[in-house]
Each structure stands twice: as C-alpha cells, then as structure tokens.
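Peer 1: Take this structure, written in structure tokens, and hold onto it; I'll ask about it next.
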Amino acid sequence: MQVNPRLKDITATRIRDQYMKRVDRALRSLPKKIREETALEIQSHLWDSMQDSTAQVEADRILDAIDRLGEPDDFIKPMVAGRLLEDASHSLNPKSVVMGLMYNAVAGVKKAGLSIVLGLGYLILCIFSLMSILKVILPHQVGLFFDPEGGAPFFGVLGDPGNHVEVLGFWIIPLGIVISFLLYFGLTRLLRIIFRESG
Amino acid sequence: MVKPSQNPENTKFKWDSQLRKGLLDYIILLFLNKKEYYGYELIRDIKQVTDIQISEGTIYPLLNRLRKELLITSQWVEMETGIPRKYYQITDKGITAVEQMKTSWDRMNRSINNLLEWSCK
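Protein chains in written order, with my numbering: chain A, 114 to 312; chain B, 31 to 151.
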C-alpha cells in the first residue's frame, strides 16, 4: 500500500521525497509491513498538515508540515526501540536483542544505564560460551585455576598454567552451555519487563 | 546570575512537560471515547480543546503503544483524495481504562485541592 501523492511543485516534491527517505532510514530495522504502514501514515499526516498551512507556495506548505511533524529520528526511534525489544523478547533473535539494546542506549540516561547492565549480562554469556568452545581446543589452558601456593583463583584462559591446578576439567563445557542458555533466556525475558513502556 | 538549572522558569517548564507527558494517554483516550480520529485530526483537536501544544510526531508512538495495549484499534480508510487515512477507535478495554483513569484523576484532584487549602492556612 504505497502512495506518493502528486504535488504540483517539483521543489515541494523533492522536499517531501527527501523527508520520506529519512523516514525510511529511521524505519529500516522494522519488518516490511510495519515499515510501509508507518511510512504511509506519515505521508497521510504530511498531506493533511499541508492543507492546513496558510503558506502560498506549495514548497513552503510542505516545509511547514515537516517542521511541525519533526525529524523522523526523534519520533520514530521510540517506536523502533519498543518493537525491536518486543521482537527480541518473543523470538529470542540475537540480532533483535543487539539492535534493541542499541536503540534504547540512546533513548535516555535511565534506559542507557539499563542497556549497559543488560549488555554486560550478554557479555558474560559470550564469555561462558567461548570458554566451553575453547576447552575443547585448549583443554589444559582453559578453566578454573587455583594456585597451590595461594593467590586468587583464576577463571579463563592461561597461556602457561605452570603450577596452577585446574579444578573443573571438562565439566566446564556442559556448565558453560547451561549457564549461557539460562543467561540468554533470562536476560531476553528481562528485556520485555524492563522496557515495557518503550513506545 | 541565575544558572539555567536554578531558573524557576526552567523548573516550571520541566514540570509542565512531565505533567503533560503523564496525562497524554488519558487525554488521547478521552478524545477517542467521543469519536474515532485520524492522527493529524487528533493533534489538531487536542491543541484546540486543551490548549496543550504537543509535538506532532510524538502522537504516533503513543497511539502505537495504546494499540499494543489493546486500548485502541485502527483501520485504514480510503479517501476521495486517493490518500488513505488511518482512523483510531477506542476498544471496550480502552473505555474501561478511561473510567479507571477518571477515578484516579478525580481522587488526585481532590487530594491536591485539599493540600492547597491546607498550605494556605
């Protein structure tokens, strides 16, 4: 359902088309049907707004309408952010999760803070997943290490374990997989709860 | 010289803005409870009836959220101009929400009025 109402003035048409390109860019993360519907509603709004403008020249009327409506990034971002997080919490799609966090990170201080915390959660998830994989490749250098002579335990990859004793063995693989799954599902469900009010 | 953060006009502006944001859902549902609206018409009538100036673009995320909460529905209507309009209607759940919001608003109004009376003594 794509309609480009014909404007009489070439300049007005160019201004409108450039604005709609910015709208399309702001909407690009959304599914096609929603992108098209939203773009159509904005076009319809601009048309109605132009009819109310008192400017004599068509180009000025479209500029008035655009000025009153505002920049697409400003009013479309909350819709996109909310939609991406809704998709992420339902589909568990990693791409939706990352993009949802990115959009909300720029949506204000509170949401940026929550995005950072959730982002750290996902980072820990990646670490556990990576450890599970690396244990197969570097069995003696990956794990939970203790130094018999004292010192803090170390969880990760040691280039040269030396006297350090690795205590988990290959249990780190199923443990890493289970923790990764639990973190992924838990964090992604948390997204819906925390960002429920995102437009 | 007064810093911007200490300027009383800035404080009032921020408070007004927060108050308007908090009431917009109620305002939109009140209008839709009267009749169906398309987006531009809703903004125009809100400005005329309430004298509240809202940024036009902000209406669409709000309408989107109310629709997701099943308080309103929408449908496209073909117009004679060839440019379709998306009309919004309130749902039964939305009507219930308006009634609940009115109760909360009346209670809040009474509380603030009581507080104002008390503070003037």
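Cβ coordinates follow ideal geometry from the N, Cα and C atoms, glycine included.
Taking the straight line between their C-alpha atoms, what separation do you get for LEU59/B and ASP180/A?
Peer 2: 26 Å
Peer 1: Residues in the same chain with beta-carbon distance under 8 Å from ASP75/B, minus the five sequence neighbours each way, listed in chain order, please.
Peer 2: PHE61 and TYR67
Peer 1: In the structure shown, what three-state DSSP assignment does THR103/B receive?
Peer 2: strand
Peer 1: Go to ILE73/B, then tell me how far its alpha helix (DSSP H) extends in each direction, as first and last residue.
Peer 2: 69-80
Peer 1: Does the beta-carbon of HIS158/A have 16 or more other beta-carbons within 10 angstroms, so that it is buried, or is it exposed?
Peer 2: buried
Peer 1: Are the beta-carbon atoms of ALA139/A and ASP186/A separated by less than 7 Å?
Peer 2: Taking 7 Å as the Cβ cut-off, ALA139/A and ASP186/A qualify as a contacting pair.
Peer 1: What's the call for MET138/B, buried or exposed, on a 16-neighbour Cβ count within 10 Å?
Peer 2: MET138/B comes out exposed.
Peer 1: By Cβ distance below 8 Å, which residues in the same chain neighbour ILE128/A in space, the five residues on each side in sequence not counted?
Peer 2: ALA172, ILE175, LEU176 and ILE179
Peer 1: Mind listing the chain B neighbours of GLU154/A? Cutoff is C-beta to C-beta under 8 Å, in chain order.
Peer 2: GLY69, TYR90 and LYS116
Peer 1: Could you check what DSSP says for GLY269/A in three-state terms: helix, strand or coil?
Peer 2: When DSSP states are grouped into helix, strand and coil, GLY269/A belongs to the strand group.
Peer 1: Kindly list, in the order they appear in chain B, the residues whose Cβ is closer than 7 Å to that of PRO144/A.
Peer 2: Near PRO144/A there are no residues of chain B at all, since even the closest Cβ is about 14 Å away, more than 7 Å.
Peer 1: Under three-state DSSP, which class holds ILE120/B?
Peer 2: strand
Peer 1: Taking GLY87/B as the query, report the chain A residues whose CB atoms sit under 7 Å from its CB, ordered along the chain.
Peer 2: LEU182, GLY183, ASP187 and PHE188
Peer 1: Using the beta-carbon count (16 or more within 10 Å), is ASP200/A buried or exposed?
Peer 2: buried
Peer 1: Classify TRP160/A as buried or exposed, calling it buried when 16 or more other Cβ atoms lie within 10 Å of its own Cβ.
Peer 2: buried
Peer 1: Should SER242/A and SER162/A be called a contact, given that it needs their Cβ atoms to be closer than 7 Å?
Peer 2: no
Peer 1: For a cutoff of 7 Å on Cβ pairs, would you count ARG50/B as touching chain A?
Peer 2: no
Peer 1: If we cut at 7 Å on Cβ distances, does LEU253/A have a partner in chain B?
Peer 2: In the sequence as displayed, the identity of residue 253/A is His instead of Leu. So no, HIS253/A is outside the interface.
Peer 1: Quickly, what does DSSP pair ARG302/A with across the bridge? List them, please.
Peer 2: Paired residue(s): none; ARG302/A is not in a bridge.
Peer 1: Does chain B have any CB closer than 7 Å to the CB of SER157/A?
Peer 2: yes
Peer 1: Contact criterion: CB-CB distance below 7 Å. Does ILE113/B meet it with respect to chain A?
Peer 2: yes
Peer 1: Report the neighbours of SER162/A on chain D: residues whose CB is nearer than 8 Å to its CB, in chain order.
Peer 2: In the structure shown, chain D cannot be found, because the protein chains are A and B.
Peer 1: How far does the beta strand (DSSP E) with LEU257/A in it reach, from first residue to last?
Peer 2: 255-259
Peer 1: By DSSP, does GLU279/A sit in helix, in strand, or in coil?
Peer 2: strand
Peer 1: Would the beta-carbon of GLY87/B fall within 7 Å of that of LEU197/A?
Peer 2: no
Peer 1: Tell me whether the beta-carbon of MET131/B lies closer than 7 Å to the beta-carbon of TYR70/B.
Peer 2: The answer is no: Cβ separation not under 7 Å.
Peer 1: Please check the pair MET303/A and LEU231/A, which I expect to be a contact at CB under 8 Å, by giving their CB distance rounded to whole angstroms.
Peer 2: The sequence shown places Leu at residue 303/A, rather than the Met named in the question. Yes, LEU303/A and LEU231/A are in contact; Cβ-Cβ is about 7 Å, under 8 Å.
Peer 1: Shorter than 7 Å from the beta carbon of ASN94/B to some beta carbon of chain A?
Peer 2: yes
Peer 1: Is PRO287/A close to chain B, meaning its C-beta is less than 7 Å from at least one C-beta of that chain?
Peer 2: Chain B contact via Cβ: absent.
Peer 1: Between ILE286/A, VAL136/A and GLU154/A, which lies nearest to VAL249/A when the distance is taken from Cα to Cα?
Peer 2: ILE286/A
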